[in-house]
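As given, the protein sequences belong to chains A, B and C, one line each in that order. Numbered by numbering that gives the first Met the number 0, the letters in the first sequence go through residues 0 to 636 in order. Numbered by numbering that gives the first Met the number 0, the letters in the second sequence go through residues 0 to 401 in order. Numbered by numbering that gives the first Met the number 0, the letters in the third sequence go through residues 0 to 302 in order. Structure first, commentary second.
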Amino acid sequence: MADVTRKVTQRILNSQKSRKMPVKIAPVQLVLLAAVIVLLIAFPFFPFVNNYWIDVGFFVGIYVLLGLSLNIVLGEVGLFDLGHAAFYAIGAYTTGILYVKLHVPILALLPISAIVAGGFAYLVTSPIIHLRGDYLCIVTIGIGEIVRITALNNPFGLTNGPNGVTGIGNPDLGLFAIRTPTHFYYYIWVIIALVIIGLLNLQKSRVGRAWNFIREDEIAAEANGIDVRSYKLLAFVLGAALAGIAGNIYASKMMVISPDNFTFMESCLLFCIVLLGGLGSIPGNMLGAAAIVIFPEIFRQFASYKLLFFGAALVVMMIFRPGGIWPRRREGVGFRGLGISGLPKDENEFLLKIPKEAVLVPHGADPAQSTTVKAEVAQEKTINNIVLETQNVTMQFGGLVAVNHFDLKIREGKITSLIGPNGAGKTTLFNVITGIYRPTTGKVIFMGKDITGLKPHTIIAKGIARTFQNIRLFPSLTCIENVMSGPHCHAHSGTWSSILRLPVQKKEERKILEIASYRLNQVGLWEYRNELAKNLPYGKQRLLEIARALATSPKLLVLDEPSSGLNDKETEELMEFLKSLITEGFTLLLIEHDMNVVMGISDWVTVMDMGSKIAEGPPSEIYNNPRVIEAYLGKEE
Amino acid sequence: MKKTIVWLLISVLSVALLITGCAQPSTPTPTATTSASPTPTPAETIKIGLQAPLTGNFAAEGQWAKQCVEVAADLINQKGGILGKKVEIVIADDGSNPKDSALAAQKLISQGLKEVIASYGSSVTAPAADLYDANKVVSVGYGCTAVRLTMEKQRPYFFRTAGRDDTQSEFFAKFAVEVLKAKRIAIMHDNQDYGKGVAEDAKKYLQPYIDKGECEIVYYDAITPGESDYSAVVSQIKEINPDVWFFTAYYPEAALLLKQARQAGVTCTFVGNNSVPTPEFEKIAGVDVIKGSIHLNEPMPQFLTTPEAKEFMEAYKAKYNELPGSIWAVYAADALNALAAAIEKAGSTDPDAVANAMRTMTDAKGITGPLMFTERGDRKNIPYYAYIYNEEGKLELYWPKD
Amino acid sequence: MRIFLEQFLNGLTIGSFYALVALGYSMVYGVMKLINFAHGDLFALGSYLGYTVLVIGAGWITQVLGVWGGVAVALTAAMLGIGIAGLVVERIAYRPVYKAGRLPLVVSALGMSIFISNGIMAIWGPRFQAYPPDAIPSAILSFGDIKITVIKLVTLIVSLGLMALIYWMVEKTLFGAAVRATALDRDTATLMGIDFRKIILFVFFVGPALGAMAGVFAGLNYGRIIFNLGWTYGLKAFTATILGGIGNIPGAMIGGLLLGVMESLFEGFVSGAWKSVFVFLVLIAILIVRPTGLIGEKVAEKV
């Protein structure tokens, strides 16, 4: 343990040395970028490059587009999609059919293909988006096969069965038609350039971060205010739309498409591109695509063995560079890596001003709420200062009653502790309050409003934040990124404003960073801001989790065993810190086992055993309560 | 980690050794006249491209095509080559898929070839044919039978040595109704380019007979290629019990289907299309199963009495110790023969002259018969025959016995 | 009714193949949480090993031991060989990648799958290979109108028996308990003194060995094998695994049998061309209602 701490501290010291330099894009990277661009532009004019190599360049482009599109789903969000060729097929077939049957110009079909593919993705993935890992994987394989076989079976004479759609035209820009390999080469790479700019903007925005939070830990993301379902769907829709664009370009280049283009093998190739390149890494993706296309071309000489080498290369690659050729680097790049414009050069400047917003943008009243309940409870609140109340909550798992007709009242500005022996149902009650479980019966009232059965991300936006018993951070993201998930639920900028980098969005991003910096500093982790969360020692991870919860600007903070795993000194510091939160205006609900903590800071203690409340009162009273002693130590005979 | 690397190297090496060791007998090294990559040879060779599926689902067909074309090239070179120059075959793999096909075509075009043999599978051939056409390269298909390839639009530089789906289907309709006197006909395809094409055309050509009430189609559906157990379809066929069961796909499925059907007690007449009667078909299904089954085909290699066919088969057998595995590969060899004859006639490799010669030549002799082409690039006068497997499992001519 | 029964029986036979292959997927998944994409290709490799044994030994094994003796030798050799191949694959392609997480493992598995299937092509060639006819038991049993080959019946009985054996092993023996414990929580199981390596060896030997058995039986039943056989069967078996609930032994069996029966009935009574579409639609429908498969346990992630 101590060893780990030393290592981390050492690393931080090292990285701080380097961080003293002004944060700018390293000249090496700029030169590299310029070189790649020049290379791409000049490629068709190289002496050894004939039409064949230009076409190879074009197909690299197609796979770059496809790789980027799958990267959104697989790389950014971590969803196993092994049927991505389906969306590619939808785009290609939309283009083919509409051009051949209705003579819609190819260029007009570019956005139409994207929309149709995206819409299709929305329709087919929304019923199955909740499936986990491998189950989602087989369903996407299924979607891929369904699309391919449907195209084969020629429904309504549209797809022309195995022959495919023929006679598709080339894109025509009016004055100039895209025809030759060189035209197509520039055509696709210009589109790729635009797509990459958009994706980079999106990746380094609220949306991109939300995707990464989901990839890192779905439950923690939901509990921190990310609407997991919507963001997953968004990823599928965007990914599919991009694949649709690739389909359109492919169809117009080949002039003929058939189901053979969209096999399961194709989806597997795309999968390999993303993982070869590196999850969520755009340059990595390009390298991956280039490798996948060029590798077999080089081995065309050894035709029969090329796939053999390819298979072996995949294995070797994963052994030596499991993160991909060019993984996305997050740690130690400073705030620059967040892609937020207009930041001060010195990151420490963030600490100088305290963001005024305790609550960034308070959400308005939920319109779905019935007014009568609201009036009634709101009145009670004014009398008793009740922030949260559970009314008669019961949680049953099959025959097991984990929480039994439980009433809990939490008063504003107080620290309430929920104690009880292991298995008493405390964490279950927490999960009911924060929306992870829906109670079997009973109600949860927060600030006078019924929040029973709302989703966790809605509840957090209303002002209940939580931490987890087993810490659930976003391990491969930096500390500051972790905390930036907090203000997410109060921010608004969406996909388009992020892609276009509208001024509103920029302002909001800066605000999010300010709040996150403030909270990170508040728990004393400022110096670790650019470290990955998984590299922190245990005690600091707990603090980071609290900072993340605080950054949601909650009214009520629900902490599940905050002191577990901490040493005495750390526990003491924690107690002081929790008390200071009360003065800042937060209300706290704790589950705690450490009686010193409970007795030391609680204003009110509720004791739970076997799912029921057995006692409540101020700490001193509970300390001597015979029923409580019995529950903990067993009945004296 | 180091250990892992050592392990890995050892295993990769051993597998590589195993492969090179085992692969030798099955794929003999190319002869001096043929080469997969353009070798710096003096100008007195004529380079002809061969685009074939050396990998992917139709890898076997590609390998056969390569072997057949190489044998044909050897024969041409033994006789002094074309225009006094030796033929050199430049090979590009199209991986049995349309994207790689386009790349393979572009590769051959970029190497400056003017005449190309390409390719196997209609949907794989189509994008390549477009490219060859746009770049004025004469291409001759050998395993692509979809009607649309020549009829949808005029491709001035595209030809094919194989027949069209509809020729065969028309023959089937006539044969089934008028010769076999079938009343109840089952048609089964594999939902792929070729099989479905033949099946749909068969349905079309049966329509007049159906209208006259002479027959009916009692089953029309697809099987899934690549599977091994077709008992579900077999049970269905058994239940329907048609007079004639027309199967339009490839021999691997045909062999399994027929075997499983005979084991299940299906007794109806099985009619296979021209991709069925191959040595592999006989090997997988066995004599007991195939006897009595009828197969439609262009004149088959072993029934070809022309000197060209005999010569080719002997040369092939001498080199590979067996007959070509598929008729399509023989068509690939004939594609080379056609190109050779056309170049000879045109007196140069100029694509326009060669394409023109292809259309107008009347005396070119191929392994599979005279090599003559229509204005649109289809092979002229492909006669069809029905063959039957006799009790010994050997093919005999069944109809028409002219 | 007769035709229905016949189709049902057809489905069961096909399904028993799927189930055998699916078992291997499920065992490996249960313990490693890894979709072993190479499993289908190990199955194909098993088929080729059996083929090689039968071809080489066609003269003497069959003469000395009879047709069934030859079958037994081929089965044993293939199962042993592929069991070892499974261990080698684990050692080369998976063990060095475990630490890196699940996605790289999946790619490594895909790479291995491509490598094996093309390795088969390089060694045995791209063409179909036919199992030697005189090595295949050819007797046919008739039950009234229904005819069934003896080898089909044996396949059905042996695979069902073997599945029962594996089920018994995993559910009723101490070692099985260790396997299940490892599947549930590897760290705790290791702390409880379970040798994780041993469990890995077990699943990577037995899973592929079962696949190899299915492979040899496939060769014997259908007489024809090809290098990419593993893709078709691998995908089906994977579907079956998910259908039943991945990582659980009875799930794989039920999934496999159900998949076979569904395919057979749909192809027999509705349409062969739309068969796979139907199967996947049913799968999706089942997963919408039961997100972890038919008898998959509910994922109760502790929060």
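The beta-carbon is built from N, C-alpha and C at its ideal position, and this holds for glycine as well.
- Annotation: Gly346 (chain B) to Tyr193 (chain B) spans about 36 angstroms, alpha carbon to alpha carbon.
- Put simply, of A:Ile137, A:Leu106, A:Pro126 the residue whose alpha carbon is nearest the alpha carbon of Gly173 (chain A) is A:Leu106.
- Under the Cβ criterion of 8 angstroms, Lys282 (chain B) is not counted among the residues facing chain A.
- According to DSSP, Gln395 (chain A) shares a beta bridge with A:Val400.
- Residue contact check for Glu266 (chain C) against chain B: a CB pair falls below 8 angstroms.
- When DSSP states are grouped into helix, strand and coil, Arg154 (chain B) belongs to the coil group.
- One thing to note: Ala231 (chain B) has its Cβ within 8 angstroms of the Cβ of Gln6 (chain C).
- The stretch 55 to 64 of chain A makes contact with the stretch 241 to 255 of chain A; the number of CB pairs closer than 8 angstroms reaches 3 or more.
- Gly118 (chain C) has a beta carbon lying within less than 8 angstroms of a beta carbon in chain A.
- Taking 8 angstroms as the upper bound for CB-CB distance, Ala91 (chain B) and Gln50 (chain B) are in contact here, some 5 angstroms apart.
- Taken atom to atom, the span from the alpha-carbon of Ala548 (chain A) to that of Asn223 (chain A) is near 7 angstroms.
- Cβ-Cβ distances below 7 angstroms link Val66 (chain C) to Ala134, Pro136 in the same chain, with the five nearest sequence neighbours on each side left out; the list follows chain order.
- DSSP assignment within the stretch 50 to 134 of chain B yields the following whole alpha helix (DSSP H) runs of 4 residues or more, N-terminal first: 58 to 77, 97 to 109, 121 to 133.
- Apart from the 5 residues on each side of it in sequence, Phe269 (chain B) sits with its Cβ closer than 6 angstroms to the Cβ of Trp244, Leu257, Ser292 in its chain, given in chain order.
- Within the stretch 553 to 630 of chain A, the complete alpha helix (DSSP H) segments of 4 residues or longer fall at 567 to 583, 594 to 600, 618 to 622, listed in chain order.
- Separation of Gln167 (chain B) and Pro382 (chain B) (C-alpha to C-alpha, rounded to the nearest whole angstrom) is 9 angstroms.
- Any Cβ of chain B closer than 8 angstroms to the Cβ of Pro161 (chain A) would place that residue at the interface, and such an atom is present.
- In this structure the stretch 512 to 531 of chain A does not lie against the stretch 491 to 502 of chain A, because fewer than three pairs of beta carbons, one per stretch, are closer than 8 angstroms.
- At a cut-off of 8 angstroms between beta carbons, Lys98 (chain B) makes no contact with chain C.
- Chain B places no beta carbon closer than 8 angstroms to that of Phe142 (chain C), leaving this residue out of the contacts.
- At least one C-beta of chain B is nearer than 8 angstroms to the C-beta of Glu296 (chain A).
- Interface with chain A (8 angstroms Cβ-Cβ cutoff): Thr51 (chain C) is excluded.
- One thing to note: Ile463 (chain A) has its Cβ within 8 angstroms of the Cβ of Val557 (chain A).
- For Asn296 (chain B), the three-state secondary structure derived from DSSP is strand.
- In the pairwise beta carbon analysis, the stretch 226 to 245 of chain C is classified as touching the stretch 132 to 144 of chain A: at least three pairs are separated by under 8 angstroms.
- Using a Cβ-Cβ cut-off of 8 angstroms, Pro126 (chain A) is close to Ile283, Ile287 of chain C, given in chain order.
- For Thr148 (chain C), the enclosing beta strand (DSSP E) stretches over residues 145 to 148.
- Sequence-ordered contacts of the stretch 547 to 565 of chain A with chain C are nonexistent [C-beta pairs closer than 7 angstroms].
- With respect to the 8 angstroms criterion, Ile253 (chain C) and Ile294 (chain C) are classified as neighbours on the basis of their beta carbons.
- Going by DSSP, Arg208 (chain A) is part of the alpha helix (DSSP H) stretching over 205 to 215.
- Met120 (chain C): member of the alpha helix (DSSP H) spanning 101 to 123, first to last residue.
- DSSP places Pro382 (chain B) outside both helix and strand once states are collapsed to three, so it counts as coil.
- Excluding the 5 residues flanking it on each side, Gly283 (chain A) has same chain C-beta neighbours closer than 6 angstroms at Gly276, Gly277, Gly323, Ile324, Trp325, in chain order.
- DSSP places Arg547 (chain A) in the helix class (H, G or I) of the three-state scheme.
- When the Cα atoms are used, Asp80 (chain A) and Leu387 (chain A) turn out to be separated by approximately 41 angstroms.
- When DSSP states are grouped into helix, strand and coil, Pro180 (chain A) belongs to the helix group.
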